[in-house]
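Student:
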Amino acid sequence: MTLLGDTAVIFGRYLRATLRSKTNLFFGMLQPLLFLALFGPLLTRFDLGIGGSSWQALVPGVLVQLALLGGSFVGLGLLMDRNLGVIDRMRVTPVRPLALLLGRVLRDVVQLLTQSVLLVLLGLAFGLRAPLAGIVIGLLFVGVLAAALSALSYGLAMNVATPPEFAAIANTAGMPLMLLSGLLLPMSLAPGWLDGLSRVVPFRYTVDAVREAFLGHYTGATILVGAAVTLVLTALCLLAGARLFRRSGA
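Here it is, written out as structure tokens:
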């Protein structure tokens, strides 16, 4: 079989396992929807300085937050499989080692995009107004970012000993990145020093680009810079994740 065929086999296996886990599927989709429903109305009377409604600032941020949190913690499942010997048994099969990583990443992208679509639909019900093309572009950003972070998360999971160690690393890295990315509020509202500090965080450019897409601006510098930064970040994360994944089995 080719790498593509092996990846499809692994993807199908884990997608079926995800669909069978009704509780995990339900609460995984419920959390971002509750966040949008309970937090979004608090911002409806504020001018967030982006030229649109507060929903056009919040929904893109929550989409990127979903990719950031969802992608960063998927490694916990792989860590448990590794400790149970599932990964070692898979590695002695004819399936290519890289497919073991890519199949899982593809499953995560599909799951996160499904959650993102539901989140956008809820946003539309609350008052979000965004062109269809802008929504599609935003979902593309989310899918690419989810793939990058999932690959890196799996690479990390193969190189730590216990779930508490993994969670500590992911939480410590994820919290400042979330705060400095302007996920909930645009960083243009922040003091100058904090706004400047946030410019070293690549996720900020992704969030800004998705917000521009939701406003119907597709060719501006913000979109182009956001796309370039996201693609470079994705390439680095995929390379790092694949290398860490292979190294753990050496």
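FYI, the UniProt record's numbering numbers position 152 of the sequence shown as 152, with every residue one higher than the one before it.
Where a beta carbon is used, it is the ideal one built from N, C-alpha and C, also for glycine.
1. Skipping 5 residues on each side, what residues in its chain have a beta carbon closer than 6 Å to that of L78?
2. Can you grab the Cα-Cα spacing for the pair P202 / V144, in whole Å?
3. Looking at C-beta atoms only, is the number of pairs between the region 110-121 and the region 61-70 that lie closer than 8 Å three or more?
4. Hey, would you say L180 sits closer than 9 Å to M187, going by beta carbons?
5. Just the Cα atoms here: how many angstroms apart are G12 and L4?
6. Pairs of beta-carbons, one from the region 122-137 and one from the region 209-216, closer than 8 Å: are there three or more?
7. Once the 5 residues before and after V9 are set aside, which same chain residues still bring their CB inside 8 Å of it?
8. What do you get for A230, buried or exposed, if any count of 16 or more other CB atoms within 10 angstroms of its CB means buried?
9. How is V92 classed by DSSP in three states: helix, strand or coil?
10. Any beta-carbon of chain C closer than 9 Å to the one on L43?
11. What number of angstroms, rounded off, separates the C-alpha of A161 from the C-alpha of I169?
12. Where do the ends of the alpha helix (DSSP H) carrying A167 lie?
13. Among Y218, A235 and L184, which has the Cα closest to the Cα of P41?
14. Quick check on L149: does DSSP put it in helix, strand or coil?
15. Alpha carbon to alpha carbon, what distance is there between A190 and L106?
16. State the start and end residues of the unbroken alpha helix (DSSP H) segment that holds Y14.
17. What are the boundary residues of the alpha helix (DSSP H) that T114 is part of?
18. If you run the structure through DSSP and keep just helix, strand and coil, what is A250?
19. For M158, does the three-state DSSP call read helix, strand or coil?
20. Hey, how far is the Cα of T93 from the Cα of T7?
Tutor: If we stick to the structure as given:
1. Y154 and A157
2. 13 Å
3. yes
4. yes
5. 12 Å
6. yes
7. M1, V95, A99 and G103
8. Reading the sequence as shown, one finds Thr at residue 230 and not Ala. Buried.
9. coil
10. Of the protein chains in this structure there is only one, and it is not chain C.
11. 12 Å
12. P163 to L180
13. L184
14. helix
15. 36 Å
16. L3 to R20
17. P97 to F126
18. Note that A250 scores a pLDDT of 46, beneath 50, so its modelled location is shaky; the value from the coordinates is reported in the next line. Reduced to three states, the DSSP call for A250 is coil.
19. coil
20. 13 Å
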